[in-house]
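Asker:
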Amino acid sequence: MRYIYSIIKADYLQRTRSYAFLITLAVTIYAAYSFVPPPTANYTTLNVPGYRAVFNSAWVGHLSAIMTSVMLSLYGFFLVNTGIKKDIDTEVGLIIATTPITNFGYLLSKLISNFLVLLTIAGCTFLVSIGMFFLRSTGYPFHIADFVLPYLLFVVPALFFISALAIVAEVFLGKYSIVQYVLFIFLFGVITGGISSNKGNTPVVFIDPYGVSTMTTSIKNTINTQFHENIKEVSFGFIFGEKHKVNKTFLWEGVTWTNIYLFSRVLWICLGIGLVYLSSFFFHRFDFERPMSKKKKIKSHEHQHETLTIAPAGISRALLPPVVADYGIFPFIKTELLLLVRKGSKWFWLINAGVFVSMIFVPLDIAHAYILPVLWFLQVTRWSELATKEKTNRLHYFTYSSYKPLQRMLPAQILAGVILAVALALPIIVRYLIALDIYSVINIFGGAIFIVLLAVCLGIISGGKKLFEIIFFILTYAAIEKIPVTDYLGGVSHGSHSGYMATILMLIVFLGLISFSVRNYQSRHL
Amino acid sequence: MSLIITDLTKQYNKHKTGLADYSITIDRGILGLLGPNGAGKSTLMKIIATISKPTKGTLLLDGEDIVKNPDSIRKILGYLPQDFGVYPNLNAYEFLEYIAAMKGVGGTGLRKRIDMLLEGVNLTSDAKRPIGTYSGGMKQRIGIAQALLNDPKILIFDEPTVGLDPEERVRFRQLISDLADDCIIILSSHIVSDIETIADEVAIMKNGILIDKAIQSDIIKKAEGKVFEILVDNDQLTALKTKHQVINTSRQKDKTKVRYIIKSHSIEPGSIAVNATLEDAYLFLTQSNN
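If you read the sequences in order, they're chains A and B.
For the first sequence, our numbering assigns the number 1 to the initial residue and increments by one for each residue that follows.
For the second sequence, our numbering assigns the number 527 to the initial residue and increments by one for each residue that follows.
Here it is as C-alpha cells:
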C-alpha cells in the first residue's frame with residue numbers, strides 16, 4: 001500500500017508542478033466566476049423560462065457545484081488522460097514494470113492521482129463559489145452546507161468516474177488519443193442527451209453521473225409547487241442570447257439528498273473502480289514488444305549480419321560536396337507538413353477524407369458552422385505539437401542553435417499549420433469563392449491563422465500540449481453551440497463585419513507577438 | 527581561428543553556479559573537456575553553442591562577440607548535445623534534410639553530402655527506416671552525421687561516445703581525428719581513454735572552474751612520481767583507502783593489486799612507482815582541488 005501512496009504522491013506532484021497547471025487553475029477561476037452570472041448578464045447557466053432564482057446560498061452553492069461537475073468532467077478528461085503515457089515517454093514505466101506492484105495497484109494509483117488533480121481544480125471553484133455568494137447575494141444567510149454537500153455529492157463522484165474513464169481510455173486506446181477524444185465526446189453527448197430527454201418529475205440518477213437531473217428536477221418541482229405551474233424543462237449550460245423575460249423570482253432551498261441518490265453515487269464510484277479493475281487484465285505493463293512472424297525474424301537477422309559486415313567508409317572533408325548556403329524556409333515547411341501528415345494513424349485520414357468530402361455536399365452554412373470546426377478539431381493532436389515537439393523529442397538543442405531560428409523555424413511551423421487548416425477547409429473556401437462571399441473566405445483564413453497561432457502560443461508558454469487541447473475543445477464546443485463570443489472562424493453572423501475581422505486580427509497579432517517574444521527568450525536560455 | 531573566453535560566469539540562481547569566472551583560449555585542434563558531474567562542461571558547451579546566455583563574460587570568435595551576435599557562430603557550428611532526440615516518424619534522409627534546412631545548407635550537392643555522411647557513420651543500409659526504430663548507438667551516429675552537415679569550423683561534442691559499442695567508439699575516434707585539421711573541436715567525455723586517444727589539449731574542470739588546461743603530456747607530468755602500485759592482502763585494502771587515493775583495484779587470488787596516488791609523502795612499503803596516465807592526472811588534479 002505504501003508504494004501505491006508513493007506513486008500517487010509523485011504523480012500528483014509531477015502533474016501539478018507545471019505552468020500549464022497554473023494556467024489551468026487561472027482559467028478555472030475565471031470559469032467558476034462565470035458559473036454564477038448576475039441577472040443582467042447576456043447568458044444563463046441554468047435557465048427556467050420566465051423565472052429567476054434568488055441568490056441564496058443554496059442556489060449559488062448548487063449552481064457552482066453542478067457546473068463544476070459537468071464542465072470539469074468534460075475538460076477534465078482531456079486534462080488527465082496522459083498519466084500512463086507520461087510514464088511511457090519518460091521510461092519510468094519500465095522501472096515500474098519491474099517492481100512488485102500489480103497492474104490493478106498501478107492503475108488504481110493513476111486513477112487516484114487523476115482524481116486528486118481534478119479535485120484540486122474543483123477545490124478552486126469551491127472557494128470561488130463562496131466568494132460569488134458574497135458578491136451576488138442580496139441579504140440571504142450563508143450556509144456552508146449548501147456549498148459542501150453539492151460539491152461532495154455532485155462533483156466528487158462525477159470526477160472520480162471521469163478519472164476512471166481516462167484510465168480505461170489510456171489502457172485500451174493509449175496510442176490513439178484523438179480516438180479517445182472522439183469516443184469520450186460521443187459518450188458525453190449520449191449521457192447529456194439521456195439526461196435532457198427526461199421530462200418526468202423524478203431524476204434519472206443511474207444514467208446521470210453529474211447529478212444534473214437531480215438538481216433540475218428539484219428546481220422544476222419547486223417552481224411547479226410554488227406557482228402551480230407545469231414546467232417540463234430546465235435548460236442547463238452556457239446559453240447565450242436566449243433570455244426570456246423574467247416575471248417571477250423563486251426561492252429554492254437546494255436538493256433533498258435521497259437514499260437512492262446517495263446509492264447511485266456509490267454505484268458510479270464502484271463502476272469506475274470496476275472498469276479500472278477490468279482494464280488491469282488488458283494493461284500492457286509497458287511491454288510493447290509484439291511477436292514477429294518467422295519470416296520477419298529471419299529477415300531481421302540477415303539484415304543485422306549485412307550491417308555488421310559493411311566496412312566503415314569514414315568521412316573525408318575533402319571528398320564531401322561543397323556546402324551551398326540556403327537560408328530559405330521552404331525546406332522547413334516541407335518537413336513540418338510531413339510531420340503533421342504522418343502524426344497519428346494513417347487510417348484516421350480516411351475519417352478526415354470522409355468529413356472533407358461531406359463539406360462539398362451539405363448546405364454551406366452547416367458545413368461552415370458545424371463540420372469545419374469538427375474537422376479542425378480532429379487535427380488537435382497535430383497542431384498541439386507544432387511548437388512543442390522539439391522539446392518533447394529533445395530536438396530543441398538543434399533548433400535553438402540553428403541559424404536564425406526565430407525568423408525561419410517558427411514561421412515555418414506556423415505556415416505549415418495554417419496550410420493544413422486551409423487545405424482541410426478547401427471545399428468551403430471554393431464554395432464561398434463561387435458565391436463571391438469574400439468576407440466568409442477571409443474569416444476562414446483568419447480562423448485558420450488564429451487557431452494555429454493559439455496552438456503555437458499556448459505550446460510555447462506552457463511547454464506542453466494539454467492546455468491547447470482543452471481550450472481548442474472548449475472553442476469547438478462553443479463554436480458548434482454558436483456562441484458568438486467564441487466564434488473564431490466566422491460561423492456565426494456578427495453585427496459588424498469589420499469589427500469582427502479587426503478583433504480576430506488583433507488576437508492574431510497578440511498571439512504572434514507573445515509566441516515570438518517567449519520563444520526568443522527560450523532559445524537563448526536553455 | 528581561435529575562441530577566446532574571458533571571465534565567463536553562469537549563475538542559475540543564488541545557490542547554483544554553472545561556471546565561475548571561466549577563462550580559456552581555444553585554438554584549432556581537439557580540446558578534451560574532463561570533469562566530474564556538475565563540473566560545468568555541458569554549461570560551457572551550451573554557451574558556446576549559443577543556446578544558453580552567460581550571466582557575464584565574453585566569448586570572442588576571431589574577434590566577433592558571439593553572445594551579442596550568435597548567428598555568426600551558428601553558420602559554422604556543429605553541435606552534438608548530450609541528451610538529444612530525433613523525430614521518430616522521419617527516416618535518416620528526411621531528418622538530415624531537416625537539420626540541413628536549419629543550418630541553411632541546400633543546393634544540389636546536399637543529397638550526395640547526406641549519402642556520404644550516412645556512409646561515413648555506417649547507416650546507409652538503415653537510412654530509409656524511421657529513426658524511431660533505431661538503437662541508441664544508431665541514433666548517436668545520426669547525431670554525429672547531423673553535426674557535420676554544414677562543414678562546421680567549430681564542432682562541439684557533448685559526451686559523444688555514450689551508447690556507442692567499443693567498435694563504434696574506435697570508429698568515432700578515427701572520424702574525429704580525420705576532421706580535426708582545419709577546425710576547433712571541443713569534446714567532453716567521462717571516458718578518459720576517449721579523450722586520451724584523440725585530444726590535442728585537455729582542460730580539466732570542477733565546480734565551474736578551470737583547474738588546468740594544457741597538452742596531455744604536461745597534464746600527466748603533474749601526477750608523475752605520485753602514482754604507485756602495490757600488492758596487498760584483501761583485508762588491508764580498507765586501511766589503504768583511508769591513507770591514499772585509490773585509483774584502481776584488481777583481485778589476484780587472495781591478494782589485491784592496488785594502483786594509488788599518494789596523498790602525503792609517505793609511500794607504502796613494497797610499492798612500485800609507475801608511469802602516470804591521463805586518468806591518474808585527472809583524478810589527482812580533481813581530488814587535490816577539493
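Ideal Cβ placement from N, Cα and C applies to all residues, glycine included.
The structure displayed is predicted, hence computed values, not measured ones.
Any beta carbon from chain B within less than 9 Å of A:E302's own beta carbon?
Answerer: Taking the first sequence and counting its residues from 1, one reaches residue 302 of chain A at position 302. Confidence is the limiting factor: at A:E302 the pLDDT is only 43, short of 50, which leaves the residue's position unreliable and the question unanswerable from this model.
Asker: With H, G and I counted as helix, E and B as strand and the rest as coil, what does DSSP make of B:S714?
Answerer: Within the second sequence, the letter at position 188 stands for residue 714 of chain B. It is a strand residue.
Asker: Could you tell me which chain A residues have their CB closer than 7 Å to the CB of B:K601, listed as they occur along the chain?
Answerer: Mapped onto the second sequence, residue 601 of chain B falls at position 75. Ordered by position in chain A, the residues that pass the 7 Å Cβ test against B:K601 are Y403.
Asker: Helix, strand or coil for A:A423, going by three-state DSSP, please let me know.
Answerer: Within the first sequence, numbered from 1, the residue matching residue 423 of chain A stands at position 423. Helix, per DSSP.
Asker: Just grab the DSSP bridge partners of B:E590 for me.
Answerer: Within the second sequence, numbered from 1, the residue matching residue 590 of chain B stands at position 64. Looking at the DSSP assignment, B:E590 forms a beta bridge with B:L587.
Asker: Taking C-alpha atoms, which residue in A:P484, A:F142 and A:F184 lies nearest to A:Y43?
Answerer: The sequence position of residue 43 of chain A within the first sequence is 43, counting from 1. It is A:P484.
Asker: Taking just the CA atoms, how far does A:I414 sit from A:A387?
Answerer: Counting from 1 along the first sequence, the entry for residue 387 of chain A is found at position 387. Counting from 1 along the first sequence, the entry for residue 414 of chain A is found at position 414. Rounded to the nearest angstrom, the two C-alpha atoms are 9 Å apart.
Asker: Which residues of chain B have a Cβ atom closer than 7 Å to the Cβ of A:N393, listed in chain order?
Answerer: On the first sequence, residue 393 of chain A is found 393 positions in, with the first residue counted as 1. Ordered by position in chain B, the residues that pass the 7 Å Cβ test against A:N393 are G611, V612 and Y613.
Asker: Do A:L63 and A:V36 have their C-beta atoms within less than 9 Å of each other?
Answerer: Walking along the first sequence from the start, residue 63 of chain A turns up at place 63. Walking along the first sequence from the start, residue 36 of chain A turns up at place 36. In this structure, A:V36 lies closer than 9 Å to A:L63 by Cβ.
Asker: Below 8 Å on C-beta distance, what does A:M409 contact in chain B?
Answerer: Here the question's residue 409 of chain A lines up with position 409 in the first sequence. Within 8 Å Cβ-Cβ: M628.
Asker: Taking the C-alpha atoms as reference points, what is the distance between B:G751 and B:K769?
Answerer: Taking the second sequence and counting its residues from 1, one reaches residue 751 of chain B at position 225. Taking the second sequence and counting its residues from 1, one reaches residue 769 of chain B at position 243. If you take the alpha carbons of B:G751 and B:K769, they lie about 17 Å apart.
Asker: Could you pull out every unbroken alpha helix (DSSP H) segment of at least 4 residues lying fully inside the segment 364–440 of chain A, listed in chain order?
Answerer: For the segment 364–440 of chain A, whole alpha helix (DSSP H) runs of length 4 or above, ordered along the chain, are 372–377, 380–383, 389–392, 396–400, 405–424 and 426–434.
Asker: For B:V784, which residues from the same chain have a beta carbon less than 8 Å from its beta carbon, with the 5 sequence-adjacent residues on both sides left out?
Answerer: Translated into positions along the second sequence, residue 784 of chain B becomes position 258. Answer for B:V784: E755, I756, L757, V758, L763, L766, V772, N774 and T775, listed in chain order.
Asker: Note down the Cα distance separating A:N230 from A:F250, rounded to an integer number of angstroms.
Answerer: For this step, residue 230 of chain A is matched to residue 230 along the first sequence. For this step, residue 250 of chain A is matched to residue 250 along the first sequence. Near 15 Å, if we compare the C-alpha coordinates of A:F250 and A:N230.
Asker: Which word fits A:R408, buried or exposed, when buried means at least 16 other C-beta atoms lie within 10 angstroms of its C-beta?
Answerer: Here the question's residue 408 of chain A lines up with position 408 in the first sequence. Buried, by the Cβ-count rule.
Asker: I'd like to know whether the C-beta atoms of A:G76 and A:I84 end up nearer to each other than 9 Å.
Answerer: On the first sequence, position 76 is the one that residue 76 of chain A refers to. On the first sequence, position 84 is the one that residue 84 of chain A refers to. Cβ distance not < 9 Å, so A:G76 and A:I84 don't count as in contact.
Asker: From which residue to which residue does the beta strand (DSSP E) around A:V70 run?
Answerer: Your numbering for residue 70 of chain A matches position 70 in the first sequence. No beta strand (DSSP E) holds A:V70; the alpha helix (DSSP H) holding it covers S57 to V80.
Asker: Given a cut-off of 9 Å on the beta-carbon distance, is the pair B:D806 and B:I717 in contact?
Answerer: The residue labelled residue 806 of chain B in the question sits at position 280 within the second sequence. The residue labelled residue 717 of chain B in the question sits at position 191 within the second sequence. Not in contact: B:D806 and B:I717 (Cβ atoms no closer than 9 Å).
Asker: State the beta-bridge partners of B:M731 as determined by DSSP.
Answerer: Working through the second sequence from its first residue, we reach residue 731 of chain B at position 205. According to DSSP, B:M731 bridges with B:L736.
Asker: Do you know how far the Cα of A:V357 is from the Cα of A:L350?
Answerer: Counted from its first residue, the first sequence places residue 350 of chain A at position 350. Counted from its first residue, the first sequence places residue 357 of chain A at position 357. Rounded to the nearest angstrom, the two C-alpha atoms are 10 Å apart.
Asker: Relative to the ligand GTP, is the shortest distance from any of its heavy atoms to the C-beta of A:L526 smaller than 8 Å?
Answerer: Among the ligands in the structure shown, none appear at all, so the ligand GTP cannot be discussed.
Asker: Which chain A residues are close to B:D835, counting only those with a beta carbon under 9 Å from its beta carbon?
Answerer: Since the first residue of chain B shown is 527 and the last is 816, residue 835 of chain B is not available in this structure.
Asker: Give every residue of the same chain whose Cβ lies closer than 7 Å to the Cβ of A:S384, excluding the five residues on either side of it in the sequence, and list them in chain order.
Answerer: Translated into the one-based positions of the first sequence, residue 384 of chain A becomes position 384. These residues qualify, in order along the chain: A455, G459, K465, F468 and E469.
Asker: Can you tell me whether A:H228 is buried or exposed? The criterion is at least 16 other CB atoms within 10 Å of its CB, across all chains shown.
Answerer: Counting from 1 along the first sequence, the entry for residue 228 of chain A is found at position 228. By the 10 Å Cβ count, A:H228 comes out exposed.
Asker: Starting from B:D533, follow the alpha helix (DSSP H) in both directions and report where the run begins and ends.
Answerer: The residue you call residue 533 of chain B lines up with position 7 of the second sequence. Looking at the DSSP string, B:D533 is not in any alpha helix (DSSP H); the run it does join, the beta strand (DSSP E), is S528 to Q537.
Asker: Expressed to the nearest angstrom, what Euclidean distance is found between the alpha-carbon atoms of A:S6 and A:V60?
Answerer: On the first sequence, position 6 is the one that residue 6 of chain A refers to. On the first sequence, position 60 is the one that residue 60 of chain A refers to. Going by the C-alpha atoms only, they are around 37 Å apart.
Asker: From B:Q608 to A:I438, what does the alpha carbon distance come to, in whole angstroms?
Answerer: Numbered from 1 along the second sequence, position 82 holds the residue referred to as residue 608 of chain B. Numbered from 1 along the first sequence, position 438 holds the residue referred to as residue 438 of chain A. Computed Cα separation, rounded: 52 Å.
Asker: Should A:T307 be flagged as near chain B, meaning a C-beta pair shorter than 9 Å?
Answerer: Here residue 307 of chain A refers to the residue found at position 307 of the first sequence. For A:T307, the predicted structure reports a pLDDT of 43, less than 50, and the residue's modelled location is therefore unreliable. A value from the coordinates is still provided. Cβ-Cβ to chain B under 9 Å: yes for A:T307.
Asker: My assumption, with CB atoms under 8 Å, is that A:W257 sits in contact with A:L153. Please give the rounded CB distance.
Answerer: The sequence position of residue 257 of chain A within the first sequence is 257, counting from 1. The sequence position of residue 153 of chain A within the first sequence is 153, counting from 1. Indeed, because the Cβ distance is near 6 Å, the residues count as touching under 8 Å.
Asker: Measure from the C-beta of B:V772 to each C-beta in chain A and report whether the shortest distance is under 9 Å.
Answerer: The residue labelled residue 772 of chain B in the question sits at position 246 within the second sequence. Judged by the 9 Å Cβ criterion, B:V772 is not in contact with chain A.
Asker: Rounding to the nearest angstrom, what Cα-Cα distance links A:L308 and B:V647 in this structure?
Answerer: Residue mapping note: residue 308 of chain A aligns to position 308 of the first sequence, counting from 1. Residue mapping note: residue 647 of chain B aligns to position 121 of the second sequence, counting from 1. The predicted position of A:L308 is uncertain, since its pLDDT is 40 and thus under 50; a value taken from the coordinates is nonetheless stated next. Cα to Cα, A:L308 sits roughly 12 Å from B:V647.
Asker: If you draw a straight line from the C-alpha of A:L395 to the C-alpha of B:G583, how long is it?
Answerer: As a first step, residue 395 of chain A must be located in the first sequence, where it is residue number 395. As a first step, residue 583 of chain B must be located in the second sequence, where it is residue number 57. Taking the straight line from one Cα to the other gives about 27 Å.
Asker: From the beta carbon of B:T543, is the nearest beta carbon of chain A less than 9 Å away?
Answerer: Along the second sequence, one-based indexing puts residue 543 of chain B at 17. No, its Cβ sits nowhere closer than 9 Å to a Cβ of chain A.
Asker: Using the beta-carbon of each residue, which ones in chain B are nearer than 7 Å to A:F332?
Answerer: For the purposes of this step, residue 332 of chain A is identified with residue 332 of the first sequence, where counting begins at 1. What A:F332 touches in chain B: A627.
Asker: What does the alpha-carbon distance come out to for the pair A:L116 and A:Q180?
Answerer: Counting from 1 along the first sequence, the entry for residue 116 of chain A is found at position 116. Counting from 1 along the first sequence, the entry for residue 180 of chain A is found at position 180. Their Cα atoms are separated by approximately 21 Å.
Asker: Grab me the residues of A:V518's own chain with a C-beta within less than 7 Å of its C-beta, minus the 5 sequence neighbours each way, in chain order.
Answerer: Numbered from its first residue, the first sequence carries residue 518 of chain A at position 518. I460 and I461, listed in sequence order.
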